[in-house]
Amino acid sequence: MKFFVLKAYGEPPQLEIKESSIPDLSEDDILVKVSYSAVNDYDWSLSTGKPLLYRLLFGLLKPKLRPGMEISGVVKQIGTKIQNFHVGDRVFGDLSEDRFGGFATHVLAKEKSLRKIPDELALDEAASLPHAGLLVHQSIELLNNKQCKKILINGAGGGVGTLAFQLLKKEGVRIDGIDTGEKLSDMDKLGYEKVYDYKVKDLQKLDEQYDFILDTKSKFWPWHYSSKLAKNGIFVTVGGDLPQLAALLIFKGLIKKLSQKELKILGLKANRGLEDFVKLYLKKSMKSRIDGPYPFDEAANALSRFGQGLHSGKVLLKIASESEH
87 MKFFVLKAYG
97 EPPQLEIKES
107 SIPDLSEDDI
117 LVKVSYSAVN
127 DYDWSLSTGK
137 PLLYRLLFGL
147 LKPKLRPGME
157 ISGVVKQIGT
167 KIQNFHVGDR
177 VFGDLSEDRF
187 GGFATHVLAK
197 EKSLRKIPDE
207 LALDEAASLP
217 HAGLLVHQSI
227 ELLNNKQCKK
237 ILINGAGGGV
247 GTLAFQLLKK
257 EGVRIDGIDT
267 GEKLSDMDKL
277 GYEKVYDYKV
287 KDLQKLDEQY
297 DFILDTKSKF
307 WPWHYSSKLA
317 KNGIFVTVGG
327 DLPQLAALLI
337 FKGLIKKLSQ
347 KELKILGLKA
357 NRGLEDFVKL
367 YLKKSMKSRI
377 DGPYPFDEAA
387 NALSRFGQGL
397 HSGKVLLKIA
407 SESEH
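Under this note's numbering, the first residue of the sequence shown is numbered 87, with each subsequent residue one higher.
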């Protein structure tokens, strides 16, 4: 098998390809031959060592973990205790509660990290959904069925933003989006009402208020977000800079008490509700916007593209085609 490791922290990503024999399976392991792997914030933070917390958790001098948390592929072998999967099953999942290491030709995973891919879903689309799709799905659950007529998505042109738009868009609902200028044309085509280049007009500079704000990369302080919420509005962030996230935790209770506006941080539960999300995805004929896929040996370039914000949609690596399984 082939897999990528990170030799050191830094930019551009210090990826190095390695080869080894496929490890022996334990009784509760599933061996998957990987078709596609997706690039996520985890991979960029692990490669750069920023924020510093990543170095404290995953290695001071170089990363101890391997990149890659989202995959699709085909089951090649199962341990003796595996009941719900069989050789030949097409599977996908988020490996963040397992071993990570999705930038590889093969991975060993536990049952909790995998789900079967419906026949209607292609392997490339499947790889783009476990993390981004559930960030969207679980964020919307935090609305508790609140009816929102006016919505803002910050990071609207990425994998999370484009899925959120498709899931939230319906008659009578207006959705605005913020992202890099390079993505505005694609956002217009998708159907956003208003689109903003964050370098020209970021969230702080908007003169409107919203019933719901979904933020994919929080960089502002709690009072900036609350000022952009309408009465009884809800703000949900799926990630961001640590000082700002800490401030949200500290001040969200006070802000709710004073203004009846709610600020929430999503604590993603990997793979929970993935089957339900995919049913919605197929029912609404949603499409995951894919950037790539890029060849396996171009992983460093794909990761740099993600880190520099040049991508439109979900960045994918192609490890093996369906015919190679």
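Beta carbons: idealized from backbone N, C-alpha and C, even for Gly.
Here the structure is a predicted model, which means the values were calculated and not measured.
Near the ligand FAD: residue i beta-carbon under 7 Å from a heavy atom
i: A386; result: Here there are no bound small molecules, and the ligand FAD is not part of this structure.
Which residues DSSP lists as bridging residue i, in chain order
i: Y122; result: S158, K404
i: R260; result: K236
i: V193; result: V118
i: E348; result: I320
i: Q163; result: L117
i: D377; result: V401
i: G244; result: G399
i: D180; result: E156
i: R201; result: F178
i: F89; result: K104, A190
i: G326; result: S304
Collapsed DSSP secondary structure at residue i in the structure displayed
i: A94; result: coil
i: R358; result: coil
i: N387; result: helix
i: K317; result: strand
i: P308; result: helix
i: K150; result: coil
i: D288; result: coil
i: D265; result: strand
i: F337; result: helix
i: K369; result: helix
i: K255; result: coil
i: L249; result: helix
Delimiting residues of the alpha helix (DSSP H) encompassing residue i
i: H223; result: 216 to 227
i: R141; result: 138 to 144
i: V173; result: Neither: V173 is in no alpha helix (DSSP H) and is coded neither H nor E.
i: L396; result: First-last for L396: undefined, no H or E at that position.
i: S133; result: 127 to 134
i: D274; result: 270 to 276
i: A208; result: Looking at the DSSP string, A208 is not in any alpha helix (DSSP H), and its letter there is neither H nor E.
Range of the contiguous beta strand (DSSP E) that encloses residue i
i: E105; result: 101 to 105
i: V281; result: 281 to 283
i: D297; result: 296 to 301
Whole-angstrom C-beta distance between residue j and residue i, which should lie under 8 Å
i: L139; j: L328; result: 6 Å
i: V322; j: K350; result: 5 Å
i: A195; j: V118; result: 6 Å
i: G187; j: T134; result: So it is not a contact: roughly 18 Å between Cβ atoms.
i: T302; j: G325; result: 7 Å
i: I157; j: A218; result: That belief does not hold up - the Cβ atoms of I157 and A218 are roughly 13 Å apart, past 8 Å.
>> I want to know whether the region 391 to 409 touches the region 115 to 129 - three or more CB-CB distances under 8 Å.
In response: yes
>> For the region 286 to 298 against the region 314 to 321, do three or more pairs of beta-carbon atoms, one drawn from each stretch, fall closer than 8 Å, so that the two count as touching?
In response: yes
> How do the region 240 to 252 and the region 367 to 377 stand: do at least 3 beta-carbon pairs fall below 8 Å, yes or no?
Replying inline: yes
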